[in-house]
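Only one structure is covered here, and it is reproduced in the block below.
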Amino acid sequence: MQHTRVLEDRIREQLLNPVPPPPSSYDTAWVAMVPAPGYLARAPRFPRCVDWILQNQHGDGSWGGPDNALGKDALSSTMACVLALATWDVGHEHVRKGLRFIGDNLSLVTADRCDTPVGFDIIFPGMVVLGIGMGLELPLSEADVDAALRLREVEMRRFSMHTAIADRTTTTWFSSLRVIDCYRCAGTTASGRKAFMAYVAEGLGNLQDWDQVMMYQRKNGSLFNSPSTTAAAAIHNYNDRALDYLDALIGKFGSSVPTAYPLHTYSALCMVDTLEKMGISNGFASEINSILDMAYRSWLDDDEEIILDMETCAVAFRLLRMHGYNIPTDPLAQFSEESSFHDSIQGYQLDDTKSLLELYRASQVRIYEEELVLENIGSWSGKLLKQQLCSNKISRSVEHALKFPFHATLERLEHKRSIESFRTESYRMLKSAYCCASNANEDILALAAHEFRSSQSVYQDELEYINRHPELRAGDGRGRLVRRRGIKRENENLATLIDRWDAHGEVGFCSERVEIVFRAVYETSKQIGAKAAAVQNRSVIHHIAELWADAARAMLTEAEWRRTGHVPSMEEYLRVAEVSFALGTIVPASVYFVGPEELPEAVVRADEYSALLRRTNLVGRLLNDLRTYGKESGQGKPNAVALLLQQHGVEYVAAAEAEVRKAIEAERRELLRLVVAERGAVPRPCRQVFWNMCKVMSLFYLETDGYLSPDEMMGAADAVLHQPLRVRA
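In the UniProt record's numbering, the protein residues as written are 1 to 729.
Below, the structure written as structure tokens:
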């Protein structure tokens, strides 16, 4: 317990006082190249950055992250640092060692690697040209220079430049001017290509149209929140606002800069998301609320840190909506069309799957029918992710998200999966590698693993207790309540017994089977009611009994329809079938134990409570009908799909299924709207129980009837109940 508190305290400290982002050698080098004010200034504006470069060269002569397995990142960072030192004619030994590292690893330049920094094939050749122009003795032959610059030409071809370029197969470093001229003449470049070329502007230097680049300047003075791009703009355009941004960066971080800034909102939201995915967010509710309040204010203020970044915008929307903030979809409208992704840096630079996945997830928290922005985003983002899946360019997490939509996931199962795949250290590749690891990551993993194992132990104890007391398996009896063929007298007797409840002795049992079923229902409910009464400080058994009676009467009505051959209207069927699905005998009893506050009688009688139960029942009933209509039609049982087919004919199957799916989506959407509402008579933790049951039903009937094809469901249960947690070393 003491160790758990220590972990929580360290995580809480990271939430309240996050560590600054790690320095980027690459971006620091570009900032170091910015000259001091004055005509033909020969001194750096930021001499501390030059000192930092001198002090942070690795033993092998490279600069960059500590892991030189990210080879191209080390090459790019080292070349930038060499250029920075050469610009101010300092650190000659450092330059010599850096150039030797570049020469020893030159084969990486043209290697096809997945860890390639964004824009490497434009920026690195551009730095080669710059180094040659400075008179540096680069350890590259003319063939090496040609090979490097050919990378940039290939990139230009990819940008659909002038057809003359497409016919060329070779180039030399000085002929790259023609590439740029063609780029300028293209005229019809899409916005994504233009944004990307502006983002990697330092790779084009004096050949870039800097006036066009400055169109992307943000309110904080930066270009894309990128210190390297902004520094290049300050060098070539000497823009006051760009300099103000760089001055503020150095004022905040001292002698080095990160690869992107600001990232505070993104980092904070990612940590909230991580805590929730790992199943330990409840212990940090106050800190999470503070972060979300901050994000909500930023959202309403159209803060560029959120609004202009695709991934941050999507994560913020999903988290804020799921936490009950009344948040409009307006800022997401910019992403409503597929072209918005292709015309963005995220879509154009490296086919950014992370941003795509976050947009897909955000689209699923739809609570109004008219939210067409979310519908459109979900459609095109899902299509692109599936295309990546077919081309094997996708991670397991994306494959999982496509197979199991947000509304068909179980919390504990997702927690286990997140814990087992959690990396305490990971990299996000921008123009240089950005280590996403938080100081708290190891603590998060340790606490999450502890909490999961503790919960698993409790589940195992509960399952063992149930196995020792078969009478507690009320579901076995309820399943036979009225689903027996031609036993009208028993059905009516059972319904009457449940209706009379404590006075059942005055009714009597017409058969042993009825007595077994009734006593299973009655005794189990009494035990649950007694425990709930201790939590609620009042008796609740009358409510539990009432819900059982409602379910019994509805099932009796269905049995009578089946016996007489009555075909109900859709309205009549749903009114009865919603109650007969019988989640009222399960969910409300659970709600009494949720807390933290008591649940007054007035709340469980409120319209909001009834709506929560009704919509949960309807989702389950319609999902069941969709998966079982073939079997149930043969048994003479009413079913929503079967009723539609009777009205329109058997050739209407696809349309009938689509209509029922549409009804399911509408009910699920309305249920989620009730659950995430900012205010309500029913406490939010209690509303969440109804949503959790909806998710269970959605998973149960995801592809087939879980009762008839139990293997996957049993596998999911076994993963949570029995399989040991496998944590990465």
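Ideal placement from N, C-alpha and C gives every residue a C-beta, glycine not left out.
Check	Outcome
Among R513, A520 and L447, nearest to R5 - alpha-carbon criterion	L447
Short Cβ contact (8 Å threshold) for L15 with M271	yes
Collapsed DSSP secondary structure at M310 in the structure displayed	helix
Proximity below 8 Å, CB of A295 to CB of A316	yes
Secondary structure of Y216, DSSP reduced to three states	helix
Continuous alpha helix (DSSP H) stretch holding Y245: start and end	D240 to F253
V727 versus L149 - alpha carbon distance	45 Å
Start and end residues, alpha helix (DSSP H) containing M713	D711 to L721
Where the alpha helix (DSSP H) containing M278 begins and where it ends	Premise fails: M278 is in no alpha helix (DSSP H) and is neither H nor E.
Cβ distance (whole Å) where R193 is taken to contact G221 below 8 Å	Wrong, their Cβ atoms sit about 24 Å apart, outside the cutoff.
Own chain partners of P21 with C-beta closer than 8 Å, once the 5 adjacent residues on each side are dropped	P258, T259, A260, Y261, L263, S267 and Y434
Terminal residues of the beta strand (DSSP E) in which R428 lies	Y427 to M429
Integer-rounded CB distance, given that L583 should sit under 8 Å from residue 730	Residue 730 is absent from the structure shown; the chain starts at 1 and stops at 729.
CB-CB length for L243 against A234, believed under 8 Å	5 Å
Limits of the beta strand (DSSP E) - the one that A433 falls within	A433 to C435
Assigned exposure category for Y465 - 16 Cβ within 10 Å defines buried	exposed
Backbone CA spacing between A545 and R661 [nearest angstrom]	32 Å
Cα-Cα separation, A602 to N617	21 Å
Residues of its chain near D711, where Cβ-Cβ distance is below 8 Å and the 5 sequence neighbours each way are ignored	none
Contact the segment 651-660 vs the segment 349-364: 3+ CB pairs below 8 Å	no
Straight-line gap, L613 to F690 (C-alpha atoms, nearest Å)	7 Å
Residues of its chain near K695, where Cβ-Cβ distance is below 7 Å and the 5 sequence neighbours each way are ignored	H407, A408, T409 and L410
K72, enclosing alpha helix (DSSP H) - first and last residue	G71 to T87
7 Å CB neighbourhood of H450 in its chain, flanking five on each side removed	T4
Proximity below 8 Å, CB of A74 to CB of S62	yes
From A84, L359, S290 and P35, residue whose alpha carbon lies closest to that of D27	A84
Three-state secondary structure assigned by DSSP to L319	helix
Extent of the continuous alpha helix (DSSP H) to which A333 belongs	It is not in any alpha helix (DSSP H) - A333 carries neither H nor E in the DSSP assignment.
Residues bridged to S228 (per DSSP)	According to DSSP, which records beta bridges pairwise, S228 is partnered with nothing at all.
Secondary structure of P23, DSSP reduced to three states	coil
Terminal residues of the alpha helix (DSSP H) in which S580 lies	M570 to S580
Opening and closing residue of the alpha helix (DSSP H) in which E371 lies	Counting along the chain, E371 falls outside any alpha helix (DSSP H), and DSSP gives it neither H nor E.
Residue environment, V128, which counts as buried when at least 16 other CB atoms sit within 10 Å	buried
For L15, the three-state DSSP class (helix, strand or coil)	helix
Nearest neighbour of V373, chosen from L332, S355, D499 and S340 [CA to CA]	L332
V619 and M570 closer than 8 Å at C-beta	no
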